[in-house]
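Okay, so the sequence shown: first residue is 66 according to the working numbering, each after it adds one. All residues carry an ideal CB built from backbone N, CA and C; glycine is no exception. All figures in this text were calculated on a predicted structure; none of them were measured in a lab. Scroll down for the structure; my scribbles are underneath it.
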Amino acid sequence: MQELQVKFTPANIVANIDALKVKLEKRLEPYKGIVLPPDQIGEGKKMIAELNKEKKAVDDQCKKVMREHRATADPFYNGMKELVGMYDEATADMKKQVAESEAARKVEIATKLAGELTAKWDELGVNPEFRNAVSDDLATLTAATPAGNLTGKVCQEVLARATADKSLQDRTEMRLLKLENESYKAGLHAPLTRDHVNTFIF
């Protein structure tokens, strides 16, 4: 691309700012540090309103001058934005294809993660009711190698989640076993079963 060529003449705004600052300093000095007695709060509000009106006038003058000078730069700004937009237009189709490809890849990774989680549950002997872990949140583009295999790190996370389910299952089974033992110790002819405590066993 041809290098951009710009002829720039900086805006030369000349104003009597320094003189106005000296004059304004003298005008505002009496208002600094004023202590308003309760019966003069209303008067204080009037003074504030008066000064705010002057402040707005100064601010409006500044904005007016800046708008006038900025107007000369608008054609350049709009032209440059148009150049930038041409890049976006040129890459729009590619961006769409990339997004679709990455979305499809995430679906593939999510499917593999679900399969990995099921395999870990099976290996650990986790019963269906204890299979609470999810893996969809792990389905990122970095969760698989370029060859399509799940990374070791994500596999470890899947294993940790499956193991947590197994731990809950083991704790529950231990509680039920302890319940049965305590039932016999208490002299019950038939031990309490899971049906008796199912509402709060977890």
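Per DSSP, what kind of secondary structure is residue 69 in: helix, strand or coil?
Translated into positions along the sequence shown, residue 69 becomes position 4. Three-state result, residue 69: coil.
Between 135, 173, 191, 144, which lies nearest to residue 70 when the distance is taken from Cα to Cα?
On the sequence shown, residue 70 is found 5 positions in, with the first residue counted as 1. Among 135, 173, 191, 144, the Cα nearest to that of residue 70 belongs to 144.
Looking at C-alpha atoms only, which residue of 140, 137, 231 is the closest neighbour of residue 197?
By one-based count along the sequence shown, residue 197 stands at place 132. Of the candidates 140, 137, 231, the one whose C-alpha sits nearest the C-alpha of residue 197 is 231.
Using 8 Å as the threshold, is the C-beta distance between residue 200 and residue 179 below it?
As a working note, residue 200 is residue 135 in the sequence shown. As a working note, residue 179 is residue 114 in the sequence shown. Contact: yes.
With H, G and I counted as helix, E and B as strand and the rest as coil, what does DSSP make of residue 93?
To locate residue 93, count along the sequence shown from 1; it is residue 28. Residue 93: helix per DSSP, three-state reduction.
Can you say whether residue 78 is buried or exposed, counting buried as having 16 or more other CB atoms within 10 angstroms of its CB?
Counting from one through the sequence shown, the residue named residue 78 turns up at place 13. Classification for residue 78: exposed.
Are residue 233 and residue 177 touching if we call contact CB-CB under 8 Å?
If you number the sequence shown from 1, residue 233 lands on position 168. If you number the sequence shown from 1, residue 177 lands on position 112. No. Outside cutoff.
Quick one, are the C-beta atoms of residue 223 and residue 182 less than 8 Å apart?
Sequence index remark: in the sequence shown, residue 223 carries index 158 (1-based). Sequence index remark: in the sequence shown, residue 182 carries index 117 (1-based). Yes, they are a contact pair.
In the DSSP assignment, the alpha helix (DSSP H) including residue 157 goes from what residue to what residue?
Counting from one through the sequence shown, the residue named residue 157 turns up at place 92. Taken as a continuous stretch (DSSP letters only), the alpha helix (DSSP H) holding residue 157 covers 139–189.
Span of the alpha helix (DSSP H) around residue 114:
Here the question's residue 114 lines up with position 49 in the sequence shown. 106–136 is the extent of the alpha helix (DSSP H) around residue 114.
What is the DSSP secondary structure of residue 101, counted as helix, strand or coil?
In the sequence shown, counting from the first residue as 1, residue 101 sits at position 36. Here residue 101 sits in coil by DSSP.
Nearest neighbour of residue 188, chosen from 172, 165, 225 [CA to CA]:
Within the sequence shown, numbered from 1, the residue matching residue 188 stands at position 123. Selected option, being the one with the closest Cα: 225.
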